[in-house]
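*Asks:* Residue numbers (the numbering used here), protein chains in the order written: chain A, -12 to 234; chain B, -12 to 234.
Glycine included, each C-beta is placed from N, C-alpha and C at the ideal position.
Pasting a structure here, questions to come.
Protein chains: 2
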Amino acid sequence: MKVGVFDSGIGGLTVVKSLLEHQLFEEIIYFGDTARVPYGSKDKNTIIRYAIEAVEFFKNFELDMIIVACNSVSAYALTEMKESTICPIIGVVEAGVLATSNSIKNKDANILVIGTHATINSKAYEIGLNRLNFQNIQTKATPLFVPLVEEEIINGSILDATLQHYFHDITHPDALILACTHFPLLSSALQNYFGEQTTLIHSGDAIVEYLENNFLFIKQYKNPKLQFFSSENPEALRKIAQKWLYE
Amino acid sequence: MKVGVFDSGIGGLTVVKSLLEHQLFEEIIYFGDTARVPYGSKDKNTIIRYAIEAVEFFKNFELDMIIVACNSVSAYALTEMKESTICPIIGVVEAGVLATSNSIKNKDANILVIGTHATINSKAYEIGLNRLNFQNIQTKATPLFVPLVEEEIINGSILDATLQHYFHDITHPDALILACTHFPLLSSALQNYFGEQTTLIHSGDAIVEYLENNFLFIKQYKNPKLQFFSSENPEALRKIAQKWLYE
């Protein structure tokens, strides 16, 4: 099995990390659109245009599947991506909604979704969760978490002030959906802020769960082959991948 | 006089504001590359490629001058831009260096330059200031200020923690060069942090000073015509322009 993983930049590496931990693919082709990152503050039509270009890029490889490891793309462009290829495409939004439903049995549970402006404005998670009969959903765009992660500020006073800024009037949730692939790097800070009773839903783990539940033919492979591509400076991407995936 | 003003996104509007206050042009064509913003975290070659595309865009208009209102572009791509058009091009880096020299007479003065990673890594301000015999220069990449301004966080505890994070070990400067066109929106916070003895150098005012000193034929025009273009969602850009320029 050969998979393409697409993200606007580096965030999707957290999904690759989950794939590697579970050894689900023989070969992983990662593409990060680092020359045009971030997507989360951009317009729906721009996101769709860039996503279709990513599908074209992946046509250079004979892929068995494409994983969209970017919540903003999954929220806005999955239909258009599917229309432009016959390769199966799965996205983190659908996987995240199903993972939430699998781990939270009480339909009255309080669920908080955090992500970029684009993801939150799309209401994609709310629509999916509503379909599965969850009604008690709060959403909050937390765009500052992205540059904080990119600047490696994952604890300390700036992050504390930012958590307080975003969440001071939020009811502590039963489940917190990390609807941006940067946010797993803030897992311990978020868990600490909300307390142990809050279940964190992580896009990478959700994708693994989705694959294991829906693609029963999936085998395990030791030492999958990894290739990294980006729309600028692939060397910089590879360095971050080395750090995020193996350190 | 008809001028094109180029920025990676919305930051260059602070330069437009200075131009409007001084009524230096009959017509201003603003282009923000909002579909690919920000440039400040991107690679030199990417910035050059995008900058040349902006010059091509401006060839649609009969311009008398192009002002590069983005420090990252001015630092990396001004030569390449000049090679691709006969239209005069001026950038905020050169203007900022000259404005500093005009207002700070003591060559031993302590000068602090703050900007994006790209601008600071370019060393463009240091090179320019060294040529004018300033030797006592500190630089600091302060990339988090950009999303803070875009999220309209221009005071309060997150900004206080961020100021402390970046400047806790910095000697208070005689001059502070705001080498990113977002930063004028943090002027009062920065002035407050460093105290009244620190002179702030603002890219927009520096451009006005540069024009008045070097283009003696420049006249004043009442009610200049303004046109806004962007690579995505021009309506969103126009709304921000309305807010930043007139409120």
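1) Report yes if the C-beta distance between B:A62 and B:A128 is below 8 Å; otherwise report no.
2) Which residues in chain A have a C-beta closer than 7 Å to the C-beta of B:H152? List them in chain order.
3) Say whether the segment 172 to 188 of chain B touches the segment 58 to 73 of chain B, bearing in mind that this needs 3 or more beta-carbon pairs closer than 8 Å, one atom from each stretch.
4) Terminal residues of the continuous beta strand (DSSP E) containing A:E139?
5) Determine, using beta carbons only, whether B:G(-2) and B:H189 come nearer to each other than 8 Å.
6) Can you tell me the Cα-Cα spacing of B:D156 and B:V100, whole angstroms?
7) At a Cβ threshold of 8 Å, is B:P130 touching chain A?
8) B:K29 touches chain A at which residues, Cβ-Cβ below 7 Å?
9) Using the three-state DSSP reduction, which class does B:I164 fall into: helix, strand or coil?
10) Please report how far the alpha carbon of A:E8 lies from the alpha carbon of B:S109, in whole angstroms.
11) Are any of the Cβ atoms in chain A nearer than 8 Å to that of B:N32?
12) For a test of the three-state rule: what should DSSP assign to B:T66, helix, strand or coil?
13) Would B:A162 and B:T185 be called neighbours here (beta carbons separated by less than 8 Å)?
14) In chain B, what lies closer than 9 Å to A:T106 by C-beta?
15) According to DSSP, which residues form a beta bridge with B:F(-7)?
16) To the nearest angstrom, how far is the alpha carbon of A:V55 from that of A:E113?
17) Does B:A64 have its Cβ less than 8 Å from a Cβ in chain A?
18) Could you check the C-alpha separation between B:K230 and B:K209 for me, to the nearest Å?
19) What separation, rounded to the nearest whole angstrom, lies between the Cα atoms of A:I145 and A:I205?
20) Quick one: grab the DSSP three-state call for A:L99.
21) May I ask which residues mark the beginning and end of the beta strand (DSSP E) holding B:T126?
22) Counting only C-beta atoms, is A:A148 closer than 8 Å to chain B at any point?
*Replies:* To lay it out plainly:
1) no
2) I145
3) no
4) That residue, A:E139, is in no beta strand (DSSP E); it is neither H nor E in DSSP.
5) no
6) 14 Å
7) yes
8) A22 and E219
9) strand
10) 39 Å
11) yes
12) helix
13) yes
14) What A:T106 touches in chain B: nothing, since even the nearest Cβ is about 16 Å away.
15) B:F18 and B:V55
16) 19 Å
17) no
18) 20 Å
19) 43 Å
20) strand
21) I124 to A128
22) yes
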